[in-house]
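**Student:** This is the structure, below, for whatever I ask next.
Chains as they are written, first to last, in the working numbering: chain A, 420 to 542; chain B, 16 to 198.
Written as C-alpha cells, this is what we have:
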C-alpha cells in the first residue's frame with residue numbers, strides 16, 4: 420500500500436532535484452488540449468504518457484500543462500511544445516506512441532517530429 | 016466518451032473555468048441496488064437562470080472559439096441512457112452542483128474508468144482549487160483532498176511527475192480496497 424511516509428520521501432527527493440533545476444526561462448512547456456473535443460479524442464492517455472516518459476527520462480526542465488479548446492477539434496488530441504527562445508511546435512492527431520517519439524526526438528534530442536505537426540497534416 | 020471518468024474530467028473543468036476554489040467530486044455506489052451517483056460540486060461563479068435553462072442545449076456555450084458545447088449534454092446522455100437521471104443546480108455567486116444518477120446494471124452503462132487519472136490531473140493542473148474526491152461503495156468510503164496533500168508537500172508542487180504517480184497509485188489501491196472487502 421502507498422503510504423503518506425512514501426509521499427514525504429518523494430517530496431524530499433523532489434525538493435533536492437528542484438534546487439538543481441535551472442531558472443524558469445529554460446523550461447520547455449508541453450501543453451495538451453483538454454476540452455471536450457480533446458478528451459473525447461484521447462488526450463488523457465497522451466498527457467499521461469508525456470508525464471510518464473518525462474519522469475522516466477529524468478527531464479527536469481520540462482513541464483506538462485493542459486489547456487482548453489485550441490479551435491481545431493478535428494485534429495485533436497493536440498499538443499503544443501514550446502522550447503525557450505524557439506517557435507511553438509503544434510503536434511496534431513496524437514496518441515501515446517507518438518507522444519513517446521516526441522519525448523525522445525524533440526524533448527531529449529531537440530529534433531521536432533515534423534510528420535506529426537499541424538504543418539504536415541494540412542498539406 | 017469511453018469512460019465516465021472522462022465526462023467527470025470534462026465537466027469538472029467547467030468548475031475550474033468558473034473560478035472555483037473548492038471542487039467536490041463524489042461517487043456513491045451501491046452494488047445491491049446497482050446504482051451509481053456522481054456529484055460534481057463547486058463554489059465557482061454559478062449560472063443565471065437563463066444560462067441554467069440552456070446549459071443542457073448542445074448549441075449553447077459561453078466559449079467564443081466555437082458555437083457548440085457538448086460537455087454537459089454528453090454527461091446527461093450517459094446517465095439517461097441507463098434509465099438514470101441528471102440535474103444541475105446553480106446560483107450566481109454560490110456555485111454549481113451537477114448530479115448524475117446511473118443504473119449500473121443497464122446494458123448502456125458506460126464504465127466508470129480511470130477516476131484516479133481524472134482526480135490526479137484535476138489536482139495537479141489546478142493548484143488554486145482545493146479538489147476533494149470521495150468514493151463510497153456500499154457504505155465504505157475513501158477520500159482524498161488536495162489541501163491535505165499540499166500541506167504535506169510544502170513547496171513541492173503536486174504536478175511533480177513522481178508525486179502524480181504516487182497519488183494515482185494511492186487512489187487506485189484505496190479504491191480497490193473498497194471493492195475487494197465486500198466480495
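Even glycine gets a Cβ: it sits at the ideal position worked out from N, Cα and C.
1. Taking the Cβ atom as the reference point for each residue, do residue 11 of chain B and residue 63 of chain B lie within a distance shorter than 8 Å?
2. Does the segment 499-514 of chain A come close enough to the segment 31-40 of chain B that 3 or more CB-CB pairs lie under 8 Å?
3. What's the gap between the Cα of residue 133 of chain B and the Cα of residue 122 of chain B?
4. What do you reckon, are the CB atoms on residue 493 of chain A and residue 451 of chain A nearer than 8 Å?
5. Taking the beta carbon of residue 423 of chain A as the centre, do at least 16 other beta carbons fall within 10 Å, making it buried, or is it exposed?
6. Distance cutoff 8 Å, beta carbons only. Does residue 167 of chain B sit that close to anything in chain E?
7. What is the DSSP secondary structure of residue 198 of chain B, counted as helix, strand or coil?
8. Confirm, please, whether the CB-CB distance from residue 25 of chain B to residue 98 of chain B is below 8 Å.
9. By the 9 Å beta-carbon criterion, what residues does the segment 27-55 of chain B contribute toward chain A?
10. Does DSSP put residue 124 of chain B in a helix, a strand or coil?
11. Kindly indicate which residue of A:497, A:534, A:435 has the alpha-carbon position closest to the one of residue 596 of chain A.
12. Output needed for residue 470 of chain A: all residues of its chain with C-beta closer than 6 Å, excluding positions within five of it in sequence on either side, in chain order.
13. Compare the C-beta of residue 420 of chain A against all C-beta atoms of chain B and say whether one is closer than 8 Å.
14. Run down chain B in chain order and give the residues with a C-beta less than 7 Å from the C-beta of residue 513 of chain A.
15. Determine the extent of the alpha helix (DSSP H) in which residue 74 of chain B is found, giving its start and end residues.
16. Drop a sphere of 10 angstroms on the beta-carbon of residue 463 of chain A, count the other beta-carbons inside from all chains shown, and report buried for 16 or more, exposed for fewer.
17. Helix or strand or just coil, what does DSSP make of residue 102 of chain B?
18. Is the shortest distance between the beta-carbon of residue 467 of chain A and the beta-carbons of chain B less than 8 Å?
19. Is the shortest distance between the beta-carbon of residue 176 of chain B and the beta-carbons of chain A less than 8 Å?
20. So, under 8 Å CB-CB, residue 531 of chain A and residue 447 of chain A are touching, yes? Tell me the CB distance rounded to an integer number of Å.
**Tutor:** The short version:
1. No statement about residue 11 of chain B is possible, as the shown extent of chain B runs from 16 to 198 and does not include it.
2. Result no; under three Cβ-Cβ pairs closer than 8 Å.
3. Locating residue 133 of chain B in the second chain gives position 118, where the first residue counts as 1. Locating residue 122 of chain B in the second chain gives position 107, where the first residue counts as 1. For residue 133 of chain B and residue 122 of chain B, the distance between alpha carbons rounds to 24 Å.
4. If you number the first chain from 1, residue 493 of chain A lands on position 74. If you number the first chain from 1, residue 451 of chain A lands on position 32. Result no, Cβ atoms of residue 493 of chain A and residue 451 of chain A do not sit closer than 8 Å.
5. To locate residue 423 of chain A, count along the first chain from 1; it is residue 4. By the 10 Å Cβ count, residue 423 of chain A comes out exposed.
6. Any reference to chain E falls outside this structure, whose protein chains are A and B.
7. As a first step, residue 198 of chain B is located in the second chain; it is residue number 183 there, counting from the start. Its pLDDT being 47, under 50, residue 198 of chain B is placed unreliably in this model, and the value from its coordinates should be taken loosely. Of the three classes helix, strand and coil, the one that applies to residue 198 of chain B here is coil, per DSSP.
8. Within the second chain, residue 98 of chain B is the residue found at index 83, counting from 1. Within the second chain, residue 25 of chain B is the residue found at index 10, counting from 1. Result no, Cβ atoms of residue 98 of chain B and residue 25 of chain B do not sit closer than 8 Å.
9. 28, 32
10. For this step, residue 124 of chain B is matched to residue 109 along the second chain. Looking at residue 124 of chain B - three-state DSSP - the assignment turns out to be coil, as it is neither helix nor strand.
11. Any question about residue 596 of chain A goes unanswered here, given that chain A covers just 420 to 542.
12. Counted from its first residue, the first chain places residue 470 of chain A at position 51. Result list for residue 470 of chain A: 483, in chain order.
13. Position 1 of the first chain, counting from 1, holds the residue named residue 420 of chain A. It does; some Cβ of chain B falls within 8 Å.
14. For the purposes of this step, residue 513 of chain A is taken as the residue at position 94 of the first chain. Annotation: residue 513 of chain A has no Cβ neighbours in chain B at a cutoff of 7 Å; minimum Cβ distance is about 16 Å.
15. For the purposes of this step, residue 74 of chain B is taken as residue 59 along the second chain, with counting starting at 1. No alpha helix (DSSP H) holds residue 74 of chain B; DSSP gives it neither H nor E.
16. By 1-based counting over the first chain, the position of residue 463 of chain A is 44. With 16 or more other Cβ atoms within 10 Å, it is buried.
17. Here residue 102 of chain B is taken as the residue at index 87 of the second chain, counted from 1. Correct three-state label for residue 102 of chain B: strand.
18. Taking the first residue of the first chain as 1, we reach residue 467 of chain A at position 48. Yes, residue 467 of chain A counts as interfacial toward chain B.
19. Here residue 176 of chain B refers to the residue found at position 161 when the second chain is read from its first residue. Cβ-Cβ to chain A under 8 Å: yes for residue 176 of chain B.
20. Here the question's residue 531 of chain A lines up with position 112 in the first chain. Here the question's residue 447 of chain A lines up with position 28 in the first chain. With 8 Å as the limit, residue 531 of chain A and residue 447 of chain A do not qualify as a contact, their Cβ atoms being about 12 Å apart.
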